[in-house]
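First comes the structure, then the notes that go with it.
2 protein chains.
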Amino acid sequence: MATIRDVSKLAGVSVATVSRVLNKSGYVNKETEETVLGVMKTLDYIPSEMARGLAGKSTSTIALMVPDIINPFFPEVARAIEDVAHSYGYTVILCNFDNNPEKEMNYIQMLKRKRIDGIVIASYTIQPEQILQLEKDSIPVVVIDRSFPSHPILCLTSKNREGARLAVKHLLDQGCRKIAHISGPLHVHDVKERALGYEDLCREQPWFVPSLIVQSDFHIDGGYDSTKELFTRHPDIDGVFAGNDLMAVGVMKSLNELGKKVPKDVKVIGFDDIVLARMVIPELSSVKQPIYGIGKLAMENLIRLITGESVIKKAYELDVELVVRQSTADSE
Amino acid sequence: MATIRDVSKLAGVSVATVSRVLNKSGYVNKETEETVLGVMKTLDYIPSEMARGLAGKSTSTIALMVPDIINPFFPEVARAIEDVAHSYGYTVILCNFDNNPEKEMNYIQMLKRKRIDGIVIASYTIQPEQILQLEKDSIPVVVIDRSFPSHPILCLTSKNREGARLAVKHLLDQGCRKIAHISGPLHVHDVKERALGYEDLCREQPWFVPSLIVQSDFHIDGGYDSTKELFTRHPDIDGVFAGNDLMAVGVMKSLNELGKKVPKDVKVIGFDDIVLARMVIPELSSVKQPIYGIGKLAMENLIRLITGESVIKKAYELDVELVVRQSTADSE
DNA sequence: TTGAAAGCGGTACCAA
DNA sequence: TTGGTACCGCTTTCAA
Numbered sequence: 001m002a003t004i005r006d007v008s009k010l011a012g013v014s015v016a017t018v019s020r021v022l023n024k025s026g027y028v029n030k031e032t033e034e035t036v037l038g039v040m041k042t043l044d045y046i047p048s049e050m051a052r053g054l055a056g057k058s059t060s061t062i063a064l065m066v067p068d069i070i071n072p073f074f075p076e077v078a079r080a081i082e083d084v085a086h087s088y089g090y091t092v093i094l095c096n097f098d099n100n101p102e103k104e105m106n107y108i109q110m111l112k113r114k115r116i117d118g119i120v121i122a123s124y125t126i127q128p129e130q131i132l133q134l135e136k137d138s139i140p141v142v143v144i145d146r147s148f149p150s151h152p153i154l155c156l157t158s159k160n161r162e163g164a165r166l167a168v169k170h171l172l173d174q175g176c177r178k179i180a181h182i183s184g185p186l187h188v189h190d191v192k193e194r195a196l197g198y199e200d201l202c203r204e205q206p207w208f209v210p211s212l213i214v215q216s217d218f219h220i221d222g223g224y225d226s227t228k229e230l231f232t233r234h235p236d237i238d239g240v241f242a243g244n245d246l247m248a249v250g251v252m253k254s255l256n257e258l259g260k261k262v263p264k265d266v267k268v269i270g271f272d273d274i275v276l277a278r279m280v281i282p283e284l285s286s287v288k289q290p291i292y293g294i295g296k297l298a299m300e301n302l303i304r305l306i307t308g309e310s311v312i313k314k315a316y317e318l319d320v321e322l323v324v325r326q327s328t329a330d331s332e
Numbered sequence: 333m334a335t336i337r338d339v340s341k342l343a344g345v346s347v348a349t350v351s352r353v354l355n356k357s358g359y360v361n362k363e364t365e366e367t368v369l370g371v372m373k374t375l376d377y378i379p380s381e382m383a384r385g386l387a388g389k390s391t392s393t394i395a396l397m398v399p400d401i402i403n404p405f406f407p408e409v410a411r412a413i414e415d416v417a418h419s420y421g422y423t424v425i426l427c428n429f430d431n432n433p434e435k436e437m438n439y440i441q442m443l444k445r446k447r448i449d450g451i452v453i454a455s456y457t458i459q460p461e462q463i464l465q466l467e468k469d470s471i472p473v474v475v476i477d478r479s480f481p482s483h484p485i486l487c488l489t490s491k492n493r494e495g496a497r498l499a500v501k502h503l504l505d506q507g508c509r510k511i512a513h514i515s516g517p518l519h520v521h522d523v524k525e526r527a528l529g530y531e532d533l534c535r536e537q538p539w540f541v542p543s544l545i546v547q548s549d550f551h552i553d554g555g556y557d558s559t560k561e562l563f564t565r566h567p568d569i570d571g572v573f574a575g576n577d578l579m580a581v582g583v584m585k586s587l588n589e590l591g592k593k594v595p596k597d598v599k600v601i602g603f604d605d606i607v608l609a610r611m612v613i614p615e616l617s618s619v620k621q622p623i624y625g626i627g628k629l630a631m632e633n634l635i636r637l638i639t640g641e642s643v644i645k646k647a648y649e650l651d652v653e654l655v656v657r658q659s660t661a662d663s664e
């Protein structure tokens, strides 16, 4: 493989000059430039990012750390991240860490060795201190789907509490008179917010009892199992607000087995509005998070951090939107 | 950030020695080693992969090129690739190229600059010559979900024709008497195979007419639209074999709107058995490709190619398996 | 068992 | 406008 020296020799100039035309930096005579460009073509010269990285420039590589790319929320984020990254000349390393703190740290270590320029991370296991440490090591980080409001960390989440209220309000409007909530892991602040949104509207209802809230794990099977559990205790539930769409799908599957019709007997609404919501039958109502937008914004901000532009490191909350589909339709 | 020189100075040894303990290569006195290891810890030394890459070793990075990570088939592959890669110390770069040859080439160029060690690619647009060229540039490639039987290229696909036969046979066994096939892009050999499998069993049927085969695009909307089209022409279709699960879901959505019950009025079967198949209601019958296995095998073989172990570069076909679920259940 | 030094392929400063 | 050259951080002979 041709090197910059090969090019310089064949073009009869110095490597410095070749470097200049390569980077369009500094003065280069028009003709010289053309010669060099020509030689590059002839030699099929491809500059080594590794070498330029070593010589001081950045690696143009960022990492996307997610619990599990199979969870359909993340491919949508990944897609956005990758689109923006690619358009800015960055490359994306994909890391799955399965909510396993050890694997997570292992990965971070590996990323440090690679001297990546930054990280976008979605994690319920990472501690704010770890992120601060990363920044101290001058590796910018953007956190998505979780916020650390009391730390100077750039986080991107949605208006979870408001979204939850929208969902529950909608169920009430549709005539539901006993609404359950299946939540994700409540020790996570942003997950808790959704449960709080539910409580905001339901706590004062005559039918409300705490056992209408069940904590689960954001997975489809969790939604499935929790539903069985809920309906054993409260056979008269007529509305379910699931903490995310994946669990909502589990809810629908469970209801189907219980012989309950959606939306006739029970109305179901999820959260996130992943593409899956439009794939199931009946189509799932949901609270739309701007997933692509979150990914896009995350990457744009990360690049800003990398290039040293001024960005305020704090928790940003994006707008959500109620999306009504068949799973909460009027039961005529 | 500490460098190998910092370590060597503080430990009172040469960089060569530090390098040796780093790589556990060559002789190092037990005590010296411990000293060095200690200093590394104190300095929080993290070797630069970039530098070692430049100095001759590999980048320990491979690329996964897919049309679109949002297509649920690919996260499953990605997951496998990443698992194996990580366990061998490799890092995975994710590339979406949207079936856009230009973007694809653009990416390959970028990957060359990064001097990645190898590529796993799923593409219907790439030409065998491009892959051969890559290998000539000493970048090993493993192709998945597509085969180039007449080229010395390592490809991993499933027994598509046999799988299609299994699917259609099953529909026939379940009593279907007019079966349609919605296929993917037929110009791709492996896609064609599925259509041929369908024809193997249907061509001789009294009800068969060529217009029962519709070409589509492997996307959910394609399956949806094709179904509308098919039922306009043939309202009496009672079985649909979709070329992949995504289209099968589109089929079910379309049938739902047409007022046809699945599986009572029409039975539906897909291909791939992505996790989505178990998420929809009714659950989708499918022909199971060992997706995780394909990804795993792809990565294992890629590593073998990278490390120069002997691998026969040819098209391998993996076994498939019929998975019966609700969408083709008996209509009692 | 250890060290000196020549790269690896670029960048960028300083002179010319 | 151009060239010479000292690095960047690590690996790998070759000698000692």
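Protein chains in written order, with our numbering: chain Y, 1 to 332; chain Z, 333 to 664. We treat Cβ as the ideally placed atom computed from N, Cα and C, and that holds for glycine.
- Segment contact: the region 617-628 of chain Z against the region 589-607 of chain Z, three or more CB-CB distances shorter than 8 Å; contact assigned.
- Among the CB atoms of chain Y, none fall inside 7 Å of the CB of Ser351 of chain Z.
- In the structure shown, His513 of chain Z adopts extended strand secondary structure according to DSSP, grouped into three states.
- Here Val600 of chain Z is bridged, per DSSP, to Z:Val572.
- Residue nearest to Pro472 of chain Z within the set Z:Arg610, Z:Leu486 and Z:Ile511 is Z:Leu486 (criterion: CA-CA distance).
- Close partners of Thr59 of chain Y in chain Z (Cβ separation under 8 Å): Met382.
- Under the Cβ criterion (8 Å, minimum of three pairs), the region 485-502 of chain Z counts as touching the region 645-658 of chain Z.
- Using beta-carbon distances, Gly625 of chain Z does not count as an interface residue toward chain Y, since no partner is under 7 Å.
- Going by C-alpha positions, Glu366 of chain Z is about 10 Å away from Met372 of chain Z.
- In this structure, Y:Ala298 is the residue among Y:Ala16, Y:Ala298 and Y:Ser48 with its C-alpha nearest to the C-alpha of Val77 of chain Y.
- Chain-ordered, the chain Y residues with CB closer than 7 Å to the CB of Ala410 of chain Z read Ile69 and Leu94.
- Apart from the 5 residues on each side of it in sequence, Tyr359 of chain Z sits with its Cβ closer than 8 Å to the Cβ of Arg352 in its chain, given in chain order.
- Taken through DSSP and simplified to helix, strand or coil, Val214 of chain Y comes out as strand.
- Judged by pairs of C-beta atoms under 8 Å, the region 98-116 of chain Y touches the region 377-388 of chain Z, as three or more such pairs exist.
- With respect to the C-alpha of Lys645 of chain Z, the residue from Z:Leu464, Z:Asp577 and Z:Asp597 having the closest C-alpha is Z:Leu464.
- Excluding its 5 nearest sequence neighbours in each direction, Arg203 of chain Y has no C-beta neighbour in its own chain below 7 Å.
- Residue range Lys30 to Leu43 is occupied by the alpha helix (DSSP H) that includes Thr42 of chain Y.
- Listed along the chain, the chain Z residues whose CB falls inside 8 Å of the CB of Leu276 of chain Y are Leu608 and Met611.
- Partner residues in the beta bridge of Ile62 of chain Y, as assigned by DSSP, are Y:Val92 and Y:Gly118.
- Glu321 of chain Y: member of the beta strand (DSSP E) spanning Glu321 to Val323, first to last residue.
- Taking C-beta atoms under 8 Å as the contact rule, Val475 of chain Z and Ile453 of chain Z qualify, at a distance of about 6 Å.
- If the five residues before and after Ala63 of chain Y are omitted, its C-beta is found closer than 7 Å to the C-beta atoms of Ile93, Cys95, Leu111, Ile116 and Ile119, all from its own chain and listed in chain order.
- The alpha-carbon separation between Glu436 of chain Z and Asp200 of chain Y amounts to approximately 50 Å.
- In the three-state reduction of the DSSP assignment, Thr559 of chain Z falls in the helix class.
- Ile70 of chain Y is positioned such that its CB atom lies no closer than 7 Å to that of Pro484 of chain Z.
- In terms of beta-carbon proximity, Ile46 of chain Y lines the interface with chain Z, with at least one pair separated by less than 7 Å.
- Of all alpha-carbon atoms in Z:Tyr456, Z:Ile413, Z:Ala417 and Z:Gln441, the one lying nearest the alpha-carbon of Asn431 of chain Z is that of Z:Tyr456.
- Glu494 of chain Z and Lys264 of chain Y have their C-alpha atoms spaced approximately 42 Å apart.
- Legend: CB atoms of the region 101-129 of chain Y lying less than 7 Å from CB atoms of chain Z belong to residues Met110, Lys112, Arg113, Lys114 and Arg115.
- For Gly53 of chain Y, the nearest beta carbon of chain Z is closer than 7 Å to its own beta carbon.
- Legend: CB atoms of the region 228-259 of chain Y lying less than 8 Å from CB atoms of chain Z belong to residues Val249, Met252, Lys253 and Asn256.
- Across the region 212-225 of chain Y, CB contacts with chain Z closer than 9 Å involve Ile220, in sequence order along the chain.
- Counting the other Cβ atoms within 10 Å of the Cβ of Asn244 of chain Y gives 16 or more, which makes it buried.
- As computed with DSSP, Leu318 of chain Y is found in a beta bridge with Y:Ser158.
- Each of Z:His513, Z:Trp539 and Z:Glu363 was checked against the Cα of Gly529 of chain Z, and the nearest Cα belongs to Z:His513.
- Around the beta carbon of Gly627 of chain Z, 16 or more other beta carbons sit within 10 angstroms, so the residue counts as buried.
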